[in-house]
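Numbering (the working numbering), first residue to last: 1319 to 1449. Ideal Cβ placement from N, Cα and C applies to all residues, glycine included. For reference, the structure is listed below as structure tokens.
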Amino acid sequence: MAAVCSLVADFVVPGVGGLIVDALKKVYDICQEMKENEEMCCAVHKRLQFVLSELSKISDEQTMRQNRVLFMYGKTIANFIRFLEKQAKKSLFKRLASNRKVVAAIQEFNEDIDDLYKLLNVAFIQEMNNW
């Protein structure tokens, strides 16, 4: 189990270049800047943190590698950071004017996280079968 926890802890988020915990902190910090959508963005952050806690419970490294959940998780974090950074660069007026698009994009990120939950469920089922 220590190897798997290490795999998760040492995973570098593709496109971001930092560890998962650093990337999640970056997500949170940017969410705090987006006052008009802070609640929705922080909800995505909270769900990403939950996925991390669930990933840390997987004890079979092979299962984690086979279903690519860690890679997909990193990709989701990287995409969300890019989205947040792009939005944060806009003026508040421009962000408010395009708020419908932002809400739709956040919905897509929630759907990506739903897919991660499904992959995690498969990983846990595979792990139980190994007993």
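Assuming residue 1386 is part of the alpha helix (DSSP H), what are its boundary residues?
Within the sequence shown, residue 1386 is the residue found at index 68, counting from 1. From DSSP, residue 1386 is part of no alpha helix (DSSP H); its letter is neither H nor E.
Does the beta-carbon distance from residue 1360 to residue 1402 come in below 8 angstroms?
Along the sequence shown, one-based indexing puts residue 1360 at 42. Along the sequence shown, one-based indexing puts residue 1402 at 84. Cβ distance not < 8 angstroms, so residue 1360 and residue 1402 don't count as in contact.
Just curious, the alpha helix (DSSP H) that residue 1410 is in, first and last residue?
Along the sequence shown, read from residue 1 onward, the residue named residue 1410 stands at position 92. Its alpha helix (DSSP H) spans residues 1410-1415.
Just how far apart, CA to CA, sit residue 1345 and residue 1336?
Looking up residue 1345 in the sequence shown gives position 27. Looking up residue 1336 in the sequence shown gives position 18. Taking the straight line joining both Cα atoms gives about 12 angstroms.
Excluding the 5 residues preceding and the 5 following residue 1342 in the sequence, name in chain order all residues of the same chain whose CB lies nearer than 8 angstroms to its CB.
In the sequence shown, residue 1342 corresponds to position 24, counting from 1. Counting only Cβ-Cβ distances below 8 angstroms, and skipping sequence neighbours, we find 1363, 1366, 1367, 1370 and 1395.
If you check the beta carbons only, do residue 1334 and residue 1399 fall under 8 angstroms apart?
Position 16 of the sequence shown holds residue 1334. Position 81 of the sequence shown holds residue 1399. Cβ distance < 8 angstroms, so residue 1334 and residue 1399 count as in contact.
Taking 7 angstroms as the cut-off, is the C-beta of residue 1384 nearer than that to any heavy atom in the ligand FAD?
Annotation note on the ligand FAD: not contained in the displayed structure, which lists no ligands.
Quick one: grab the DSSP three-state call for residue 1369.
Numbered from 1 along the sequence shown, position 51 holds the residue referred to as residue 1369. Here residue 1369 sits in helix by DSSP.
Per DSSP, cross-strand counterpart(s) of residue 1330:
Taking the sequence shown and counting its residues from 1, one reaches residue 1330 at position 12. Paired residues: 1337.
Contact criterion: CB-CB distance below 8 angstroms. Does residue 1333 meet it with respect to chain D?
Note that chain D does not occur in the displayed structure, where there is just one protein chain.
Thinking C-alpha only, which one of 1351, 1332, 1435 and 1397 is nearest residue 1407?
As a first step, residue 1407 must be located in the sequence shown, where it is residue number 89. The residue with the shortest Cα to Cα distance from residue 1407 is 1351.
Output the distance between the C-alpha atoms of residue 1349 and residue 1374, rounded to the nearest integer angstrom.
As a position in the sequence shown, residue 1349 is number 31, starting the count at 1. As a position in the sequence shown, residue 1374 is number 56, starting the count at 1. Cα-Cα distance, rounded: 24 angstroms.
Cutting at 8 angstroms between CB atoms, please list the residues of its own chain near residue 1416, excluding the five before and the five after it.
Numbered from its first residue, the sequence shown carries residue 1416 at position 98. Residues of the same chain with a CB within less than 8 angstroms of the CB of residue 1416, apart from the 5 flanking positions on each side, are 1408 in chain order.
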